[in-house]
Ligand SMILES: [Zn+2]
């Protein structure tokens, strides 16, 4: 037979496009439209409905960036349409090729009840089926003129990302405002032909099924009268019945589809717009659930539910009902889909606490899956946190975005740093916006790495970010793919049901140990430094606030600020969303974040001050108390307590160095700063060992050009390293403090349009050199690093993460090692040879890189740690990071891992002083083993007055110790993160008088609920 395949395929494409799809709406009449534009920010629904309207017509421009217009559309269903299905078609000026990321609308009835959202791929509103004819139509649309930030010329700098710079040029033109007849038979024919045509294209050209489909499609096309598509569509469909009825082969891949809209809690729009995006999508999805009985939808992020509840109660009522029906499924159990690299141990835990608690309280549902489809990499600390939150599964697809290496599994056990294993699934469809296209379904089946031993995968299906979620077309296609020869079999499935089925069919899945590093978006550890520092500061202040407020509550009866802490935590958790903390949002978001963090800091300082005042007593008492909020004792002040300040002897000295520069010495550490202000020597007195590599200079600022190929705020591409400028020239190198309590040298430099001042300080009794760097940054597309070339020979180094640390290679042996050229640290990076190591600690930055070189002169190894201070990407915020910044980084030669842990906490939790009448404040709890670290001391969230203490093993070994309480203890119960009694703790937790004996595994965390005797 002659091969006419391409001819028939081309025919299908043209006839669908030019004749069949347009015939879905064969007749239409225009609606009249009027408009009111809110003068500023969005107004309440009632106000928008009531505002006076002015005429506007199709073709007219509307919508200054970020403005809101209330449109009213009115008309009458023609008498001739009686008995037919009638829909309104409302095209606000959408670009259908880009679902989401542009204008959107929410349709209301005159009584203020919501109908559904309007989105580029979802422009219809059902009016009547069947219509009586002659009925009036009156609808209102709250239309948001969100400007396109990321368009067809992506990553060009734009001023549209902040209402303060966006101008007032209208962004859209009304495109279509009609009443139309909806021909369901033609609509069904479109779906038949799309499903078969798309499946056909994925099948082998020499396979019989492909040809069967081709001939069936050809017969259908032959049956269509191109001048009367509506009259012949049913006949065309009849030719497709048989091929659509052929069942899937027994070995077909099984896809659990779940309706979804990945909605970024802020990104290319401000937080306030997400509130509306979520409401529009939820309105759409609850409407679709009513229309489509098989369909199921899932929504993650408790914060988004809370927003609808607060701001759109009329939509929330529909959501609550659909959740109760089991069809609108809350997923994930986190407050937001947060970043996981940067949040602290406690913050990561609280993401689950507040997320799960919300779903339990609102819906009585406890999620067991962590749902993080889009997060930029996953730390080795996360599995234990997931498990301690009472969850057991993880879903993400983001690792499929890795630039270099293809992950070897789609379904596997993920083992964290403590040995906890979590059943994990990466949807092989490689997207969280599946649209049920044949190419996506075939890709999922082909791509699935676990074929032969497993058969199930999940496909989150629907347009996110203002695309409106799942469409009725996707539901129609899924129905055809349920059991279709040549295709994977698709059915709607809840995430928990998917996981249970996938786990059951795969009893021995492969294991991946350690972090799930995303080989992309590495610059999100550095971009928007002020947002990141706001997060760090808030986390530290929350630790102190909980500690001192709990102490004051138990000791003095001061009221514990439950509600304020709840609200502040949720605000901090929200800002850990995977486009806010990573620094990849528009200027508006980061401007607001900075202000929000400043407000939180002021409020937390006030709470800390009030608690410490209650503990310190009357200021007239005249005793200066030192409060230590860190988990280790220091300067004779116990951890979590306060004591009268004792001035140490102070033996710091600074002397001039021959040839320029200075020598700083405190008996523990001797640091030599040269005439350029660089550290040429740092000798730890205890061992006599030099930390700085011979011939190298530490505290070196290095400037790189930084213009990635795409994703400016997100990415730094490896080639950035090819070009570097060492900032050597100093404007000033001078003594800043002369001892004896501390000595310091100040170094000033200027480069490009920027200036930097550094203060290098050595304090009495401390083995730590603190380097405070203040930068007035006015560069574009540059990357600023602070380098420490160290004389340490090691193949791996440790970087702190949640409840422990993870190791990464210092070499680039494999493509996996080489890809980790920028990575995350919490408070420290530590590198060591047996018996001796160096820690670098910081309360300021997250990004770093570590490289190694072997010296020709002496054969030794130079391992260089470089902290990432600042970048200056111009998209999506054209002025990212411009202005003043402060950083602290500290060098601790001779540090074991325990020293790294201790100094890491110490730099982020400085001592506080307050004058009062108390002689001391005894800590509520004390541990007798340094490796056991307290990560939180707080009152139980249930208001019972119980004390909750979280402890973890911090060194990566086994540790035994005793936690002693300074109050009479009635009961001590191990709990999960939600503070519920829990038998999942594997370590030993044994009540022992007024205390608890603990024996923990490496990095094991345990949450204790301690009930004081009353
Ligand atoms: Zn996202």
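Residue numbers (our numbering): 1 to 1014. Ideal placement from N, C-alpha and C gives every residue a C-beta, glycine not left out. Keep in mind that this is a model prediction, so the values were computed, not measured.
### Query
Under a three-way DSSP split, which group does residue 917 fall into?
coil
Review point. Would the C-beta of residue 578 count as close to ligand 1, meaning under 7 Å from any of its heavy atoms?
Key: yes
Open item on the list: What residue range does the beta strand (DSSP E) around residue 219 cover?
Closed with: Unbroken run through residue 219 is the alpha helix (DSSP H), 208 to 223; no beta strand (DSSP E).
*If you draw a straight line from the alpha carbon of residue 373 to that of residue 107, how long is it in whole angstroms?*
29 Å
Please list, in chain order, all residues of the same chain as residue 999 whose beta carbon is under 6 Å from its beta carbon, the five residues on each side excluded. 960, 987, 988
For a test of your reading of the model: does the CB of residue 409 fall under 7 Å from any non-hydrogen atom of ligand 1? Yes or no. no
- Query: Between the beta-carbon of residue 852 and the beta-carbon of residue 805, is there less than 8 Å?
  - Reply: no
If you draw a straight line from the C-alpha of residue 801 to the C-alpha of residue 746, how long is it?
32 Å
Quiz item: Should residue 521 be counted as a contact of ligand 2 given a C-beta to heavy atom distance under 7 Å?
Solution: The ligand content of the structure shown is limited to ligand 1, which means ligand 2 is not among them.
field: Which of helix, strand or coil DSSP assigns to residue 729
entry: coil
Open item on the list: I'd like to confirm the pairing. Which residues does DSSP put opposite residue 177 in its beta bridges?
Closed with: 90
- Query: So does residue 443 have its beta carbon nearer than 7 Å to some heavy atom of ligand 1?
  - Reply: no
Problem - Nearest-residue set for ligand 1, Cβ under 5 Å from any heavy atom - result: 264, 374
Return helix, strand or coil for residue 586, following the three-state DSSP convention.
-> coil
**Prompt:** Can at least three beta-carbon pairs, one atom from the region 382 to 398 and one from the region 418 to 429, be found at a separation below 8 Å?
**Reply:** yes
Subject >> Length-filtered (3 minimum) beta strand (DSSP E) runs lying within the region 485 to 519 >> reply: 489 to 492, 511 to 513
Check: Nearest to residue 496 by CA position, among 523, 54, 326, 947, is which residue?
Finding: 326
Ordered along the chain, which non-local residues of its own chain (more than five positions away) have a Cβ less than 6 Å from that of residue 664? 654, 671, 743, 762
Need the endpoints of the beta strand (DSSP E) that residue 875 sits in, please.
No beta strand (DSSP E) holds residue 875; DSSP gives it neither H nor E.
task = Can you give me the start and stop residues for the beta strand (DSSP E) that residue 463 sits inside?
result = Premise fails: residue 463 is in no beta strand (DSSP E) and is neither H nor E.
So, using beta-carbon positions, are residue 907 and residue 841 closer together than 8 Å?
-> yes
Starting from residue 32, follow its DSSP beta bridges and name the residues at the other end. 74
Helix, strand or coil for residue 770? Go by DSSP, reduced to three states.
strand
Have a look at 393, 35, 400 and flag the residue whose alpha-carbon is nearest the alpha-carbon of residue 432. 400
### Query
Whose CA, out of 878, 895, 439, lies closest to the CA of residue 837?
895
If we ignore side chains and look at the alpha-carbon of each, how far apart do residue 491 and residue 471 end up? 15 Å
My understanding is that residue 456 touches residue 256, with C-beta atoms under 8 Å, so please give their C-beta distance in whole angstroms.
6 Å
#### Entry: First through last residue of the beta strand (DSSP E) which encompasses residue 298
297 to 300
- Rounded C-alpha distance that separates residue 217 from residue 12: 8 Å
On the three-pair Cβ rule with 8 Å, is the region 851 to 868 touching the region 680 to 694? yes
How should residue 227 be labelled, buried or exposed, when 16 other C-beta atoms within 10 angstroms of its C-beta is the threshold for buried?
exposed
Handout entry: Secondary structure of residue 39, DSSP reduced to three states
Key = coil
Nearest-angstrom Cα distance between residue 118 and residue 109? 14 Å
Are there 16 or more other CB atoms within 10 angstroms of the CB of residue 813, so buried, or fewer, so exposed?
exposed
Any idea which residues DSSP pairs residue 758 with across the strands? 747, 773
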